[in-house]
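The structure under discussion appears below in the form of structure tokens.
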Amino acid sequence: MSVTELPQSPTAGLYQEIQQFYAQQMHLLDDGRVGEWADTFTEDGVFAANAQPVPAVGRAAITEAAAKATEAYAAAGVQRRHWLGMVSVESATPEAVTARCYALVIETPRGGRPEIKASTLCEDRIVRSGGTWRIQDRQITRDDLI
Amino acid sequence: MSVTELPQSPTAGLYQEIQQFYAQQMHLLDDGRVGEWADTFTEDGVFAANAQPVPAVGRAAITEAAAKATEAYAAAGVQRRHWLGMVSVESATPEAVTARCYALVIETPRGGRPEIKASTLCEDRIVRSGGTWRIQDRQITRDDLI
Amino acid sequence: MSVTELPQSPTAGLYQEIQQFYAQQMHLLDDGRVGEWADTFTEDGVFAANAQPVPAVGRAAITEAAAKATEAYAAAGVQRRHWLGMVSVESATPEAVTARCYALVIETPRGGRPEIKASTLCEDRIVRSGGTWRIQDRQITRDDLI
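Structure follows, in structure tokens:
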């Protein structure tokens, strides 16, 4: 894809909606609000990562995996922050968006120093569902495992 | 707050205004332009942080604290960069916005390597004042002190 | 420049176009698609950095420098990610934009940990050319070399 073939820029409204959605979504996870975070995926949502042997398929499986990780971080006294940035909306219809962004996981232990635990590529299919945006498919590629 | 109860997305114009405001505000501080940076707070602005025993209240107190820190960094030959991201506009009227974002402080000593000195949550009340946006209340929560 | 003299906020559409342009541009470079990345500069584009003795002038020189670096990173098994953020659009006409942002280079070796290799200031002149935005002049100031 050459630059002149890059998709036409999405409407400004759509682009900021995705930015706001990403921010709110990750605030929920980093605040430990797992159920509400999982609700940002569709019921049949897929969360796949090259760090995991098999994808989590369906909101129940996504919730279970996130709850386990969230409890482990809380027990360890570590605050996570997920930073999504460099968002590129690759295609958009009124009902579905594909987006590609970078994601960092920054962890700070209580009394300790922040560290970047993972640098990743995040590829999403986001759909309108129940009056809001939800992730239907998320693919996370951790840079150290490429 | 469930996802379906998330505030309606602010207008795209407002969202980008806040992003631009945050960028310009922190460029001023990182450039050592303390007076102009302090002018991005209201006269009665509050800057509170869990790293400080008491909040700085009023622009004069905010200026004084920032000037002191800025001189110390300059004397040490350290360039700071404040990164605000993952911006979520939580409520908005034409005159006042509440926003929640993440903020990193990245420091680079002359001839040295960049390091993340602090990972924080930033909660702002931003108001229209004198024809521009200004911070009326900023609460910074450093992750290592939670 | 005092805050009250800050340029009027650009249209939301323009601001998001620049964000999307930056994301796509750096995705190309980090994906090793050097030719397409170089095509995001004008034919007479300039890439200057305080880390380099002389600027790269013209798309051919920019391509050559980027290709060399890209091959070295690939050979070393290191994934780079360029994060541009804290974007401030400083001036804008329908044909040309000046913008100032921060840029981080985050590197992850295969099997290793991500590290911030460089924290920089990025100052761009971006012009409409051939139906799209292209960089006409980019000045990178690495914080460790100030």
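Chains as they are written, first to last, in UniProt numbering: chain F, 1 to 146; chain P, 1 to 146; chain X, 1 to 146.
By construction, the Cβ of each residue, glycine as well, lies at the ideal position given by its N, Cα and C atoms.
Can the beta-carbon of residue i be found closer than 8 Å to that of residue j?
| i | j | result |
| --- | --- | --- |
| X/Val-87 | P/Ala-103 | no |
| X/Ala-99 | X/Glu-90 | yes |
| P/Ile-140 | P/Thr-42 | no |
| P/Ala-96 | P/Ile-126 | yes |
| residue 176 of chain F | F/Asp-44 | Only positions 1 to 146 of chain F appear in the structure, and residue 176 of chain F is not among them; the question remains open. |
| X/Gly-112 | X/Ala-74 | no |
| P/Pro-114 | X/Ala-118 | yes |
| P/Gly-131 | X/Ala-12 | no |
Using C-beta distances below 7 Å, list every residue in its chain close to residue i, excluding the 5 sequence neighbours before and after it, in chain order.
| i | result |
| --- | --- |
| X/Arg-110 | Gly-77 |
| F/Ser-129 | Thr-42 |
| F/Ala-65 | Ala-56 |
| P/Met-1 | Note that P/Met-1 has pLDDT 34, beneath the 50 cutoff, so the model's placement of it is unreliable and the number below is only indicative. None. |
| P/Glu-5 | Residue placement at P/Glu-5 cannot be trusted, given a pLDDT of 37 that sits under 50; what the coordinates show is reported in the next sentence. The answer is none, since no qualifying residue turns up. |
Got a sec? Which residues, its chain only, sit under 8 Å from residue i by beta carbon, not counting five neighbours each side?
| i | result |
| --- | --- |
| P/Asn-50 | Ile-140, Thr-141, Arg-142, Leu-145, Ile-146 |
| X/Pro-94 | Arg-128 |
Starting from the C-beta of residue i, find all residues in its chain whose C-beta is less than 6 Å away, skip the five residues before and the five after it, and write them out in chain order.
| i | result |
| --- | --- |
| P/Cys-122 | Cys-101, Ala-103, Ile-140 |
| X/Gly-85 | Tyr-102 |
| F/Trp-133 | Phe-21, Ile-126 |
| X/Val-46 | Pro-55, Val-57, Asp-137 |
| X/Ala-48 | Pro-55, Gln-139 |
| X/Glu-17 | none |
Out of the options, which has the shortest C-alpha to C-alpha gap to residue i?
| i | options | result |
| --- | --- | --- |
| X/Gln-19 | F/Phe-21, F/Gln-20, F/Tyr-15 | F/Tyr-15 |
| F/Trp-37 | F/Pro-94, F/His-82, F/Lys-117 | F/His-82 |
| P/Ala-67 | P/Leu-29, P/Gln-52, P/Val-46 | P/Leu-29 |
| F/Arg-138 | F/Ala-92, F/Glu-64, F/Ala-56 | F/Ala-56 |
| P/Thr-70 | P/Thr-11, P/Met-26, P/Glu-115 | P/Met-26 |
| P/Asp-124 | P/Ala-92, P/Gly-13, P/Gln-79 | P/Ala-92 |
| residue 159 of chain X | X/Thr-11, X/Phe-47, X/Ile-116, X/Thr-132 | As displayed, chain X neither begins before 1 nor continues past 146, which places residue 159 of chain X out of reach and without an answer. |
| X/Thr-40 | X/Pro-53, X/Ala-65, X/Phe-21 | X/Phe-21 |
List the residues that DSSP assigns as beta-bridge partners of residue i.
| i | result |
| --- | --- |
| P/Tyr-102 | P/Gly-85, P/Leu-121 |
| F/Pro-94 | Answer by DSSP bridge pairing: none, since F/Pro-94 is not bridged. |
| F/Thr-57 | Position check: residue 57 of chain F holds Val in this sequence, whereas Thr was assumed. In the DSSP output, where bridge partners are listed per residue, F/Val-57 has F/Val-46. |
| F/Glu-115 | F/Glu-107 |
| P/Phe-41 | P/Ile-135 |
| F/Gln-79 | F/Thr-108 |
| F/Thr-141 | F/Leu-121 |
| F/Val-127 | F/Ala-96, F/Arg-134 |
#### Entry: Chain-ordered residues of the region 12-25 of chain X with a beta carbon less than 7 Å from chain P
Ala-12, Tyr-15, Gln-16
### Task
Check each residue of the region 94-113 of chain X: if its Cβ is closer than 8 Å to any Cβ of chain P, include it; give the result in chain order.
Arg-100, Cys-101, Tyr-102, Leu-104
### Query
Of the residues that make up the region 82-93 of chain P, which ones have a beta carbon closer than 7 Å to any beta carbon in chain F?
Gly-85, Met-86, Val-87, Ser-88, Val-89
### Task
Residues of the region 128-144 of chain X with a CB closer than 9 Å to any CB of chain P: list them in chain order, please.
Arg-142, Asp-143, Asp-144
### Message
For the region 69-81 of chain X, list every residue whose C-beta sits within 8 Å of some C-beta in chain F, in sequence order.
### Response
Gln-79, Arg-81
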